[in-house]
Every structure is written in C-alpha cells, then in structure tokens.
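Colleague: For the sequence shown, the numbering used here gives the first residue as 1, with consecutive numbering after it.
Where is the CB? At the ideal position from N, CA and C, for every residue including glycine.
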Amino acid sequence: MARVEAAEALVDVLDREGVRHVFGVPGGPVLGLCDAISRHPRISLVLTKHEQAAAYAAFGSALATGQMGVCLATLGPGATNLLAGLPVARVEAVPVLAITGQVQLSGMARGAHQDASGWYGTPDQKAMFGGTCKQTELCTLASSLPDLARRAIRAATSDRQGPVHVSIPSGLLHETIDYSPLDPKQYRLMENCAVDKGAAARVARALSEAKAPAILLGGRAIRPACGPAVRALADAFGIALCADLASKSVVDEHHPNYLGCIGVLGHKAAENFLKKTADLILSVGQSFDEISTLGWDPAFAERRSLIQLDSIGEEIGKAFPVSDASVGHLPALLEAICEAHPTLSQERLVGRQQRLAEELRRNPIFSSVEMVSDKVPMLPQRVMADLTAAVPEDAVVLSDSSKWARWLGRFFCAREGQIFSAHDYEPMGWAVAAALGVQAARPDTPVICLSGDGAFLMAALEVSTAVDHSLPIVWMVMNDGRLGIIHDLQRTLFGGRVCGTTFNTPNLPAFAQSLGADGAVVESPGALVSALSAAITAKRPTILDIRFDVEEIPALRPRSLLVTKGMGLPNPTPGPETIRTLFKLMKER
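Written as structure tokens, this is what we have:
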C-alpha cells in the first residue's frame, strides 16, 4: 500500500487495464487527472475538438484493440457533449469508460458554476448517463475512487459489454489516499470461454444431416473474432457463408463459400440461398435487425431450421423462433462444433461445394458491368471496385453511416477483419472520429474512413486532431452535397420534393490544407488507386474528395419497399424517381 494522489491511483488502474490513450477535452474538475496522465510514461491524452468525438474515438480504440476505450470530459456542457457519443457503444456492445467532472460536493444545490447535480433546475448528469450507460456512479470519497473505477470497468467488460460512467467532483482527484494496486484478473473475469459441449454436439449433428446448411454471421462474431473457426467449419463441411453489414469481413470475402451480404443493398446469392435453398441456418452473433432482414422476413425461419448461437442469452429467439440455441464464447463454441461434426463422405462434400459454386455462377457477388464502367462522373460501383484494388490487405476501413455503407457491403470485396462498422446504431459521423482511436491503437496500420459528405461534416474538425497527433488517417469523402439516403427517400416517396437534405459542400482539399492536412480530388475511374496509394505512402492525414454520379440509384432487394412501409413512411409517389427505382429493383429480381 502506498500514499498517492487519487488521480495517480486512477491512472494506474487504467494502465494495468492496458489503456494507452484517453480521448477528451479537459476542464477544471478533471485537471488533476490530466496532470497525472501527462506524468505517466505509457498513457497519453488525445485532445479532440469536441467531446462527442472523444466518445467515438474511445469506441474506435476499443474496436481496434478488443480492450476498453476511455474518454474524458469536464462537467455540465462537456459531459452532455460526451454523452451524445456513447449510445453507439451501448448498442454495439463495446466497452467504454466515460470519465467526467462534477462540481465540488459542497457546491451542489448552491449555485456552483455549471452544476449538473439535478438540484434547482440544473441538469441531472447522473440520470442522463444512467439512461445510456450500463452503470453510472458519482464518487463522493477520494479513497473509494480506485474501487469505484474497478467496479465500473468490471461492468463495462462483463456479459453484454458497453459504456459505463464515473463522475468525479472537483477537488477529489488532488486528495492523497492509501492505494493498493491490483491486476485486472484480481477483480474481474478476463475471458469467459465456457462452451456447452452437449449443445455443440447437437448442432454438429444437425449440420451434418442438413442437405444445404448455411452460416449467417452477425456483428457479435467480430469480437472475439470468429473468422478462423467459421473458416474451418466451411472448409471441412462445405457450409455456405453469409453476412450482414455488421459482420462484413468476419471472413475473407474471397472465400469460395462466401455468398455475400443480406439486407437492403445485399447480394442476391446470399438472399436466394438463405431463403430458398438452405434447410438449416446457423446464425452466429446475429441481431436480426430490421435492415438486414428486410423487415423481419419470416423466410429466415420458415420451412427450415434456425439454430442461434450468441454470446448474449437475451438475444436468443428475439426476432425469430429457433429450433436450437446455445450461448457462450463463440469462437470456442464453433471450434467445439467443428470437432464434434461427423466426417462427411466425399460425395456429399463435393455436392455441397457444387451447389454453392452454381449459386455464385448464377448470381456473382462482386461482378457487374457497372464495376468496370469508365463513365464520368464515376459510378459508385466503380468507386468500390477501385477501392478493392487500391486498399492494402492489412488496412482497416471504417464504414460511416451513409448510403455508402450499403455500396461498400455490396461491391467491396473485403479481407478478413478489414471492415469496422456500427451497423446496428449508425450515428452519422461516428467513423470520422472513431478513426482517431483506431489509428492511435494501430499506428502501423493504414486507416481509411469511408463517409458521405453529410456525415463527414458532422465531425470534420477532427482532421485537425489527427494533424495535432500525427495520425495519418485517410478520409474518403463521397461528395454529393446531400444527405444521400434521406434525400433519395424524399424524392421517391414524396413526388420528388426535398426538404433539408441538400447543402453546399466546402472545398475539401482547401479545407484539409487549412487544417495542416493533405487533400485531393478524385473524379475519374482508376484515379483512386494512385491517390489512395500516395496518401498512405505519405503517412499524413489526408482528405480525398470523391466525385461520382449522384443520380445512380442502388439496386435494392425486392422487399426493401416493405422496410420503408414498416417504418411508417408513405407508399412511393408516381414519378420519374419512383419509376427509375422500381426499374432497378425489378432488374435485380
């Protein structure tokens, strides 16, 4: 036991958890913590331009490392700004520790500056965070801060992981306390690798007896990574592989068993096989969200067995009835299934492989005339083909909330572990800032953020943060001067009328240069390959202004119109936009 400042004890707790970056904006009540970080040899503070961006950056850091991300803000306005960036971590089940200040204990309910204790018309900071985080606590004794922090970390990293919040009143960080260091394994479970062997045997038997089994991957198949175990099952037993946007790149999409993504802009091969051919679907960490399932299409469970594997028990049967299920450590569970799976005859294995090859022959997933088009302005499909050719195999691509996430899912052929997304919540601009956390955590990895210009502008000043901290991120900004998905919906559903979905995009290369970053315009087929290569080689923050054909309409899956109807939106209004959309849709049938 030693006598140290409470701030030093808190930093030591973070250090032992492997935290190397804290993202945030300082303020008076947390200056003691900032000072302790400045004196620590392994942890650094990354000053973001906005607290919401700090939360997204912590989220990105957690995605990149598999460990807890940490963000920091002062009290009151700083805390509420930080709060806005935390729901994505809650929905995506990613551990983030949010630390905020609070007024001194003696100043609560007495008019202290920026009081957020909930008294006499002040905002209730604890209640606000309580509605978003798994756990929120107000520290009232400096001596209890280390245990309080460990309790919060235990909550963030257990069961359904997510964000937690600790509020520290002004002055407590500077107090001297008795502190006994603990390793994380002394106060929390480091990893739960429990597997139900009986369930694994049942699932293995069901897979072996199925005529045309398929694995449907979901977002929770990414953390911890299920790719190697899924690959082993697919290779050994000829099982089809399908994904949604949340799980894109769990497996290398060049794999011969991969049939593509499901969802609004999904692949025909995946949809056909899952809904028409497969007699058994093994879902792995799948949320069965509205967009991926095209309004919860009952075909996912009708006339076939649906077996659900997940790391979270309450997800079982949430959307569809299941024929069997198991909860546990997904990679270990898949490995146990593979070990228990009876050997298939060569004839049956070849038959399964031929069925998959025939499906891909009829409905190729990364092949279309649009992808090789030399049309100017560029078609989005060609942009994705050029990105596939240009991006290094070890690069990370963050897919922001936009129509481009759908183009990416449909036309970008990803390597294993290459895509980071937040598909189940999708706040606009999250990836623009989360790229900071990813790049800080993986300094030798090329990090590329793919974003529409509307989403990019929500967090564009974080390019300056990248310049300040020498983070060589490349932002690919799809420049169309509109909020793409919503603009398209307005034109299709409201007779071509639009409202509040168009804007003037600034001169992005000049904007980049004003912040100390590099910038370039990409507007011709093939130019992205050289532009991206140059940006990665330069190792400087760079904005690539991508010009494309803004009138190109995505080829939606046939049930997509039911999704908008289910959301309470009106039926399409007759007009040229509707005709073009329906023509594309019918062409895809």
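Going by Cα to Cα distance, which pick from His-165, Ala-57, Cys-499, Pro-146 is closest to Val-13?
Modeller: Taking the sequence shown and counting its residues from 1, one reaches residue 13 at position 13. Among His-165, Ala-57, Cys-499, Pro-146, the Cα nearest to that of Val-13 is on Pro-146.
Colleague: Given that a residue counts as buried once 16 or more other Cβ atoms are within 10 Å of its Cβ, and exposed if not, what is Leu-189?
Modeller: As a position in the sequence shown, residue 189 is number 189, starting the count at 1. Flag for Leu-189 reads exposed.
Colleague: At which residue ranges does the region 221–259 contain complete beta strand (DSSP E) runs of 3 or more residues, listed in the order of the chain?
Modeller: 240–243
Colleague: Whole angstroms are fine: how far does the CA of Gly-28 sit from the CA of Ala-9?
Modeller: Against the sequence shown, residue 9 aligns to sequence position 9. Against the sequence shown, residue 28 aligns to sequence position 28. If I take the Cα positions, the gap works out to 19 angstroms.
Colleague: Identify whether Leu-556 lies in helix, strand or coil by the three-state DSSP scheme.
Modeller: Translated into the one-based positions of the sequence shown, residue 556 becomes position 556. The answer is coil: DSSP assigns Leu-556 none of H, G, I, E or B.
Colleague: The beta strand (DSSP E) spanning Ser-399 covers which residue range?
Modeller: Looking up residue 399 in the sequence shown gives position 399. That run of the beta strand (DSSP E) goes 396–399.
Colleague: Just the C-alpha distance for Ala-7 and Ser-44, rounded to the nearest angstrom, thanks.
Modeller: Within the sequence shown, the letter at position 7 stands for residue 7. Within the sequence shown, the letter at position 44 stands for residue 44. Cα to Cα, the separation comes out at about 14 angstroms.
Colleague: Would Asn-257 be called buried (16 or more neighbouring beta carbons within 10 Å of its own) or exposed?
Modeller: For this step, residue 257 is matched to residue 257 along the sequence shown. Looking at its Cβ environment, which holds 16 or more other Cβ atoms inside 10 Å, Asn-257 is buried.
Colleague: Roughly how many angstroms lie between the CA atoms of Ser-283 and Ser-167, to the nearest whole one?
Modeller: Indexing the sequence shown from 1 puts residue 283 at position 283. Indexing the sequence shown from 1 puts residue 167 at position 167. Between Ser-283 and Ser-167, the C-alpha separation is close to 39 angstroms.
Colleague: Using alpha carbons as the reference points, say which of Asp-444, Arg-406, Gly-526, Ala-232 lies closest to Leu-556.
Modeller: For the purposes of this step, residue 556 is identified with residue 556 of the sequence shown, where counting begins at 1. Considering only alpha carbons, the answer is Arg-406.
Colleague: Output the boundary residues of the beta strand (DSSP E) element that contains Ser-167.
Modeller: Along the sequence shown, one-based indexing puts residue 167 at 167. Taken as a continuous stretch (DSSP letters only), the beta strand (DSSP E) holding Ser-167 covers 163–169.
Colleague: Within 10 angstroms of the Cβ of Val-369, are there 16 or more other Cβ atoms? Answer buried if so, exposed if not.
Modeller: The sequence position of residue 369 within the sequence shown is 369, counting from 1. The residue in question, Val-369, is exposed, as its Cβ has fewer than 16 Cβ neighbours within 10 Å.
Colleague: How do the region 368–383 and the region 536–553 stand: do at least 3 beta-carbon pairs fall below 8 angstroms, yes or no?
Modeller: yes
Colleague: Within its chain, find whatever has a CB closer than 7 angstroms to the CB of Leu-138; leave out the 5 residues flanking it on each side and keep chain order.
Modeller: One-based indexing of the sequence shown puts residue 138 at position 138. So the qualifying residues of the chain are Gln-102, Lys-126, Ser-167.
Colleague: Alpha helix (DSSP H) containing Gln-490: first to last residue?
Modeller: Taking the first residue of the sequence shown as 1, we reach residue 490 at position 490. Gln-490 -> alpha helix (DSSP H) spans 484–493.
Colleague: Using 8 angstroms for Cβ pairs, my map puts Val-322 next to Ile-307. What's the rounded Cβ distance?
Modeller: For this step, residue 322 is matched to residue 322 along the sequence shown. For this step, residue 307 is matched to residue 307 along the sequence shown. With a Cβ gap of about 6 angstroms, Val-322 and Ile-307 count as contacting.
Colleague: For Pro-213, name the three-state secondary structure that DSSP assigns.
Modeller: Position 213 of the sequence shown holds residue 213. Strand.
Colleague: Checking the sheet assignment: what are the DSSP bridge partners for Tyr-179?
Modeller: As a working mapping, residue 179 is identified with position 179 in the sequence shown. Its beta-bridge partners are Ala-2.
Colleague: Tell me the DSSP secondary structure of Val-195 in three-state form.
Modeller: In the sequence shown, the residue the question calls residue 195 occupies position 195. Note: Val-195 maps to coil in three-state DSSP.
Colleague: Short of 8 angstroms in beta carbon distance, which residues of its chain neighbour Leu-241, apart from the five on each side in sequence? Order them along the chain.
Modeller: Residue mapping note: residue 241 aligns to position 241 of the sequence shown, counting from 1. In its chain, beyond the 5 residues on either side, Ala-214, Ile-215, Leu-217, Val-230, Ala-234, Val-251, His-255, Asn-257, Tyr-258, Leu-259 have a beta carbon closer than 8 angstroms to the beta carbon of Leu-241.
Colleague: Taking C-alpha atoms, which residue in His-469, Pro-574, Gly-118, Gly-417 lies nearest to Leu-515?
Modeller: Here residue 515 refers to the residue found at position 515 when the sequence shown is read from its first residue. Measuring from the Cα of Leu-515, the nearest candidate turns out to be His-469.
Colleague: Cβ of Pro-298 within 7 angstroms of any heavy atom in the ligand COA?
Modeller: By its list of ligands, the structure shown contains no ligand whatsoever, and the ligand COA lies outside what it can speak to.
Colleague: Output the residue ranges of the alpha helix (DSSP H) runs that lie fully inside the region 306–383 and measure 4 residues or longer, sorted by chain position.
Modeller: 330–340, 346–362
Colleague: Could you tell me if Cys-499 is buried or exposed, where buried requires 16 or more neighbouring beta carbons within 10 angstroms of its beta carbon?
Modeller: Working through the sequence shown from its first residue, we reach residue 499 at position 499. Counting Cβ neighbours within 10 Å, Cys-499 comes out exposed, since fewer than 16 surround it.
Colleague: With 16 other CB atoms within 10 Å as the buried threshold, where does Trp-430 fall?
Modeller: Here residue 430 corresponds to residue number 430 of the sequence shown, with the count starting at 1. When all chains shown are included, Trp-430 counts as buried.
Colleague: Just to check my reading of the structure: Val-438 and Leu-63 have Cβ atoms closer than 8 angstroms, yes? What is that Cβ distance to the nearest angstrom?
Modeller: Working through the sequence shown from its first residue, we reach residue 438 at position 438. Working through the sequence shown from its first residue, we reach residue 63 at position 63. At roughly 7 angstroms, the Cβ-Cβ gap stays under 8 angstroms, so Val-438 and Leu-63 are in contact.
Colleague: Check Asp-480 in the structure and name its three-state DSSP category.
Modeller: Here the question's residue 480 lines up with position 480 in the sequence shown. Asp-480: coil per DSSP, three-state reduction.
Colleague: Buried or exposed: where does Arg-410 fall if 16 or more other Cβ atoms within 10 Å of its Cβ makes it buried?
Modeller: Here residue 410 corresponds to residue number 410 of the sequence shown, with the count starting at 1. By the Cβ neighbour-count rule, Arg-410 is buried, with 16 or more other Cβ atoms within 10 Å of its own.
Colleague: Note down the Cα distance separating Ala-441 from Val-19, rounded to an integer number of angstroms.
Modeller: Walking along the sequence shown from the start, residue 441 turns up at place 441. Walking along the sequence shown from the start, residue 19 turns up at place 19. Taking the straight line joining both Cα atoms gives about 10 angstroms.
Colleague: With Asp-453 and Val-477 assumed to form a contact (beta carbons below 8 angstroms), what rounded beta-carbon distance in angstroms separates them?
Modeller: The sequence position of residue 453 within the sequence shown is 453, counting from 1. The sequence position of residue 477 within the sequence shown is 477, counting from 1. At roughly 5 angstroms, the Cβ-Cβ gap stays under 8 angstroms, so Asp-453 and Val-477 are in contact.
Colleague: Residues in the same chain with beta-carbon distance under 6 angstroms from Tyr-56, minus the five sequence neighbours each way, listed in chain order, please.
Modeller: By 1-based counting over the sequence shown, the position of residue 56 is 56. Hits under 6 angstroms: Gly-85, Trp-430, Ala-433, Ala-434.
Colleague: Specify the secondary structure class of Phe-420 as computed by DSSP and reduced to three states.
Modeller: Position 420 of the sequence shown, counting from 1, holds the residue named residue 420. In this structure, Phe-420 counts as strand in the three-state DSSP scheme.
Colleague: Return the first residue and the last residue of the alpha helix (DSSP H) that Glu-137 is part of.
Modeller: Your numbering for residue 137 matches position 137 in the sequence shown. Annotation for Glu-137: no alpha helix (DSSP H) segment contains it, though the beta strand (DSSP E) segment containing it runs 135–138.
Colleague: Please report how far the alpha carbon of Ala-194 lies from the alpha carbon of Ser-533, in whole angstroms.
Modeller: Taking the first residue of the sequence shown as 1, we reach residue 194 at position 194. Taking the first residue of the sequence shown as 1, we reach residue 533 at position 533. Each residue's alpha carbon lies about 44 angstroms from the other.
Colleague: Please classify Lys-275: is it buried, with 16 or more other beta-carbons within 10 angstroms of its beta-carbon, or exposed?
Modeller: Mapped onto the sequence shown, residue 275 falls at position 275. Lys-275 comes out buried.
Colleague: Could you give the DSSP three-state label for Ala-512: helix, strand or coil?
Modeller: Indexing the sequence shown from 1 puts residue 512 at position 512. Helix at Ala-512.
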